[in-house]
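Student: Position one of the sequence shown corresponds to residue 0 (numbering that gives the first Met the number 0), numbered consecutively onward.
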Amino acid sequence: MGFDEKNVMDINGTEKKEEYFPLDSHAVENGPVTVNTTGINAKTKAGVTWNHPAYGLLSRSQEASPCFTVLTASCPDGWVGYGRICYYFADEEKDWESSKNNCSAFNASLAVVDSQEEMGFLARYKTPADHWIGLQRESEGQPWRWTNGTPFNNWFQVRGGAECAYINQEGFASSSCSRIERWICSRQIGE
Numbered sequence: 000m001g002f003d004e005k006n007v008m009d010i011n012g013t014e015k016k017e018e019y020f021p022l023d024s025h026a027v028e029n030g031p032v033t034v035n036t037t038g039i040n041a042k043t044k045a046g047v048t049w050n051h052p053a054y055g056l057l058s059r060s061q062e063a064s065p066c067f068t069v070l071t072a073s074c075p076d077g078w079v080g081y082g083r084i085c086y087y088f089a090d091e092e093k094d095w096e097s098s099k100n101n102c103s104a105f106n107a108s109l110a111v112v113d114s115q116e117e118m119g120f121l122a123r124y125k126t127p128a129d130h131w132i133g134l135q136r137e138s139e140g141q142p143w144r145w146t147n148g149t150p151f152n153n154w155f156q157v158r159g160g161a162e163c164a165y166i167n168q169e170g171f172a173s174s175s176c177s178r179i180e181r182w183i184c185s186r187q188i189g190e
């Protein structure tokens, strides 16, 4: 099995070609796991990066750093890992509260986004459909809160004046919580 080529779009909407090699469904980005590189020559190792989590792939590009880490972790089947967090990207659609309850049934919560890197990962991995995240407020003008109880520090803009937040192709927006959307659950690896 060798490298294939795929057109991909980065978070800024720029399309580019990347070569990739399929990995197993438990692949994780940015975590501490050892990779057996026996049989991979030094030139190939130097040209490999992990920059296509949307397809669970190890990819190689011109901008590669001289070393790489591919990580495997214990995310459940159907979930994908990033850092120390497992994510579930739902294919079905529900309102915000039902989505939150579905995540709870998985011992998870609607996704809490803590960093620009995590936001980029979610944007790259999700389908073009809108997906609920774990950000809600009581009414327009009220402060946003994450489902884990922490206040939102406004480090990214949420467009719209509604009560429940979702991620879409343009970033983050809000809508009535009764709107039917897909959703993203998150939980710590190993929970």
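By construction, the Cβ of each residue, glycine as well, lies at the ideal position given by its N, Cα and C atoms.
Please list, in chain order, all residues of the same chain as C184 whose beta carbon is under 6 Å from its beta carbon, the five residues on each side excluded.
Tutor: Against the sequence shown, residue 184 aligns to sequence position 185. Here the set comprises Y87, C102, F105, A107.
Student: Have a look at F146 and G82 and give me their C-alpha separation to the nearest angstrom.
Tutor: In the sequence shown, the residue the question calls residue 146 occupies position 147. In the sequence shown, the residue the question calls residue 82 occupies position 83. In the sequence as presented, Phe is not what sits at residue 146; that position holds Thr. Whole-angstrom Cα-Cα distance: 20 Å.
Student: Would S175 be called buried (16 or more neighbouring beta carbons within 10 Å of its own) or exposed?
Tutor: Along the sequence shown, one-based indexing puts residue 175 at 176. With fewer than 16 Cβ atoms within 10 Å of its Cβ, S175 is classed as exposed.
Student: Using 10 angstroms around the beta-carbon of R186, count the other beta-carbons present and answer buried if the total reaches 16, otherwise exposed.
Tutor: Working through the sequence shown from its first residue, we reach residue 186 at position 187. Classification of R186: buried, given that the 10 Å Cβ count is 16 or more.
Student: Just the C-alpha distance for D76 and A89, rounded to the nearest angstrom, thanks.
Tutor: Sequence index remark: in the sequence shown, residue 76 carries index 77 (1-based). Sequence index remark: in the sequence shown, residue 89 carries index 90 (1-based). C-alpha separation (whole angstroms): 13 Å.
Student: Hey, could you find the ends of the alpha helix (DSSP H) N100 is sitting in?
Tutor: The sequence position of residue 100 within the sequence shown is 101, counting from 1. From DSSP, the alpha helix (DSSP H) with N100 extends over 95–104.
Student: Can you give me the C-alpha to C-alpha distance between K93 and E180, rounded to a whole angstrom?
Tutor: Walking along the sequence shown from the start, residue 93 turns up at place 94. Walking along the sequence shown from the start, residue 180 turns up at place 181. Answer to the nearest angstrom: the Cα atoms are 5 Å apart.
Student: With distance defined between alpha-carbon atoms, name the residue in G119, Y165, L121, T149 nearest to H130.
Tutor: As a working note, residue 130 is residue 131 in the sequence shown. Comparing Cα-Cα distances from H130 to each of G119, Y165, L121, T149, the minimum goes to Y165.
Student: Could you check what DSSP says for A164 in three-state terms: helix, strand or coil?
Tutor: To locate residue 164, count along the sequence shown from 1; it is residue 165. It is a strand residue.
Student: If you count every other CB in all the chains shown that lies within 10 Å of the CB of W154, and 16 or more means buried, which is it?
Tutor: Your numbering for residue 154 matches position 155 in the sequence shown. So W154 counts as exposed.
Student: Please classify R144: does DSSP put it in a helix, a strand, or coil?
Tutor: One-based indexing of the sequence shown puts residue 144 at position 145. Correct three-state label for R144: strand.
Student: I need the DSSP call for Q115, collapsed to helix, strand or coil.
Tutor: Translated into the one-based positions of the sequence shown, residue 115 becomes position 116. DSSP places Q115 in helix when its eight states are reduced to three.
Student: Can you give the Cα-Cα distance for L109 and S97, rounded to whole angstroms?
Tutor: Residue numbering aside, residue 109 sits at position 110 when the sequence shown is read from its first letter. Residue numbering aside, residue 97 sits at position 98 when the sequence shown is read from its first letter. Cα to Cα, L109 sits roughly 10 Å from S97.
Student: As a quick exercise: from G159, A122, W143, pick the residue whose alpha carbon is nearest that of W182.
Tutor: The residue given as residue 182 occupies position 183 in the sequence shown. Nearest of G159, A122, W143 to W182, Cα basis: A122.
Student: If we call anything under 7 Å between Cβ atoms a contact, is G133 one with V111?
Tutor: Taking the first residue of the sequence shown as position 1, residue 133 is located at position 134. Taking the first residue of the sequence shown as position 1, residue 111 is located at position 112. Cβ distance < 7 Å, so G133 and V111 count as in contact.
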